[in-house]
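A.B. asks: Residue numbers (this note's numbering): 273 to 673. All C-beta atoms in this analysis are idealised placements derived from N, C-alpha and C, irrespective of residue type, glycine included. The structure under discussion is supplied below as structure tokens; questions concerning it will follow.
Pasting the structure below:
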């Protein structure tokens, strides 16, 4: 059946995935794009993101997707006023055992255009003067990667969308879909119905509260994640973005001379929302997270010794059953699409996830083989049993950025 090119699309969710999707839909010629959100732009977990990106992932699909994300972050640095992609590199630290086992991955990264260097022990500290390393530590430095500041990226992208003619409706909750013969004809909000040719669900942790209105649910779990930020240092920290798989955390500089850190050491159980009205402001910090960072990551970043801590934020990360993103058409509902469950890498994915969603909607196909992300892949999964089961974070696996 030929793919029908839509003239109007409603994007549900004004986080980074939804905003990126809206951008690419307009660029692909969709005449009317409306973004609706029950809260404010970026008000879910997007503004709580660590903002780190690396393209050195575990599958060809993910590496190819992240490569496109990097292309787009570089482009956004040129076209979004007030935003800069900080291409300082991303250092992925691991033990000798993990590094040795990842030799096939390094071959794959090279084949797909990855540019990286391997640093061992003292080479790490010589390259980055504010990082400490043991002789047994090995770092793979992803040269194209780095970080973004979500609080600069999101307003800049919003301004761009408004200049492009995108209609953004805040504090307007989706309460249903207008379906005819299994196809989306409209999105119903608490302010009324919006006629549309297609709809994209980009609400991540809230996904099933929206998709269930159309009779579909994905198997995923949400987990609380925190990030901590120091007061500014007198001089810029001399280090890249760091995913530390040895000390179980991450650290990066900020654009105003701070350090931003996070960890998954608390290994919390999945977080169950009480309903669609849930807000991230309801989340509580975990008492063990900051003490762990102070005690352990100071071994990696000695300038943290005696550092003053300014603030921290709490958000949700969302992991699908197989800990891979979900991007594509919703089975059984023509004209409905979903982009969600990006583990802790939602910010890193957002430029390409929005592009892939726009390609699904407009073209019916994507520039890379994105079958890995298909929502239809859960056909043999007992979704209801998975959703009902209590699961700890480490049972699903920790994937960084």
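#1: Can you give me the start and stop residues for the alpha helix (DSSP H) that residue 483 sits inside?
#2: Is there contact between the segment 290-297 and the segment 626-636, where contact requires at least three CB pairs shorter than 8 Å?
#3: Could you pull the start and end residues of the alpha helix (DSSP H) that residue 589 belongs to?
#4: If you measure between the beta carbons of residue 458 and residue 467, is that distance less than 7 Å?
#5: Decide if residue 375 is buried, meaning its Cβ has at least 16 other Cβ atoms within 10 Å, or exposed.
#6: Output needed for residue 630: all residues of its chain with C-beta closer than 7 Å, excluding positions within five of it in sequence on either side, in chain order.
#7: Which residue from 345, 361, 452, 549 puts its Cα closest to that of residue 309?
#8: Taking the straight line between their C-alpha atoms, what separation do you get for residue 675 and residue 473?
#9: Are there 16 or more other CB atoms within 10 angstroms of the CB of residue 563, so buried, or fewer, so exposed?
#10: Would you kindly work out how many angstroms separate the C-alpha atoms of residue 544 and residue 330, rounded to a whole number?
#11: How far does the alpha helix (DSSP H) with residue 565 in it reach, from first residue to last?
#12: Under 7 Å Cβ to Cβ from residue 341, same chain only, skipping five residues before and after it: list those, please.
#13: Figure out for me which residue from 497, 411, 372, 456 has the closest Cα to the Cα of residue 556.
#14: Following the continuous alpha helix (DSSP H) through residue 242, name the residue where it begins and the one where it ends.
#15: Return the Cβ separation of residue 415 and residue 388 in integer angstroms, given the expectation that the two are a contact with Cβ distance under 8 Å.
#16: Which residues share a DSSP beta bridge with residue 414?
#17: Determine which residues share a DSSP beta bridge with residue 637 and list them.
#18: Given this structure, state the Cα-to-Cα distance separating residue 469 from residue 541, to the nearest angstrom.
#19: Pull up the distance between the alpha-carbon of residue 381 and that of residue 616, whole angstroms please.
#20: List the whole-angstrom C-beta distance separating residue 618 from residue 476, where the pair is believed to meet the contact cut-off of C-beta under 8 Å.
#21: Can you give me the C-alpha to C-alpha distance between residue 437 and residue 282, rounded to a whole angstrom?
#22: Between which residues of its own chain and residue 518 is the CB-CB distance below 7 Å, once the five residues before and five after are set aside?
#23: Using the beta-carbon count (16 or more within 10 Å), is residue 411 buried or exposed?
#24: Please state if the CB of residue 527 and the CB of residue 421 are separated by a distance shorter than 7 Å.
#25: Taking Cβ positions, are residue 571 and residue 516 nearer each other than 7 Å?
#26: In whole angstroms, what separates the C-alpha of residue 612 from that of residue 601?
#27: Pop quiz: residue 521 and residue 568 are said to be a contact at Cβ under 8 Å. What is the actual Cβ separation, rounded to whole angstroms?
#28: Going by DSSP in three states, residue 266 sits in which element: helix, strand or coil?
#29: Could you check whether residue 558 and residue 500 sit closer than 7 Å to each other, using their CB atoms as the reference points?
#30: In the DSSP assignment, the beta strand (DSSP E) including residue 495 goes from what residue to what residue?
#31: Which stretch, first to last residue, makes up the alpha helix (DSSP H) that contains residue 655?
#32: What are the boundary residues of the alpha helix (DSSP H) that residue 339 is part of?
#33: Based on the DSSP output, what are the partners of residue 522 in its beta bridges?
#34: What is the DSSP secondary structure of residue 630, counted as helix, strand or coil?
#35: Less than 7 Å separating the beta-carbons of residue 335 and residue 491?
#36: Report the residue from 502, 419, 320 whose alpha carbon sits nearest the alpha carbon of residue 581.
C.D. replies: By the coordinates alone:
#1: Segment 479-483, the alpha helix (DSSP H) holding residue 483.
#2: As far as the Cβ criterion goes, the segment 290-297 touches the segment 626-636, which means the pair count is three or higher.
#3: First-last for residue 589: 581-592, but that is the beta strand (DSSP E), not the alpha helix (DSSP H).
#4: yes
#5: It is exposed - the Cβ of residue 375 has fewer than 16 other Cβ atoms within 10 Å.
#6: 293, 296, 297, 300
#7: Comparing alpha-carbon positions, the option among 345, 361, 452, 549 lying closest to residue 309 turns out to be 549.
#8: This structure leaves residue 675 out entirely; the chain is present only between 273 and 673.
#9: Note on residue 563: under 16 other CB atoms within 10 angstroms of its CB, so exposed under the neighbour-count rule.
#10: Roughly 28 Å between the two C-alpha positions.
#11: 561-568
#12: 325, 620, 621, 623, 624
#13: 497
#14: Residue 242 falls outside the range modelled here, since the chain spans only 273 to 673, and no answer is possible.
#15: 6 Å
#16: 362, 388
#17: Residue 637 is not bridged to any residue.
#18: 39 Å
#19: 21 Å
#20: Their Cβ separation, rounded to whole angstroms, is 6 Å, which keeps residue 618 and residue 476 in contact under 8 Å.
#21: 13 Å
#22: 365, 366, 367, 409
#23: When all chains shown are included, residue 411 counts as buried.
#24: yes
#25: no
#26: Cα to Cα, the separation comes out at about 12 Å.
#27: Correct: roughly 7 Å between the Cβ atoms.
#28: Because the chain in this structure spans residues 273 to 673, residue 266 falls outside the shown range and cannot be described.
#29: no
#30: 492-502
#31: 655-660
#32: 332-351
#33: Under DSSP, residue 522 shares a beta bridge with 515, 534.
#34: helix
#35: no
#36: 502
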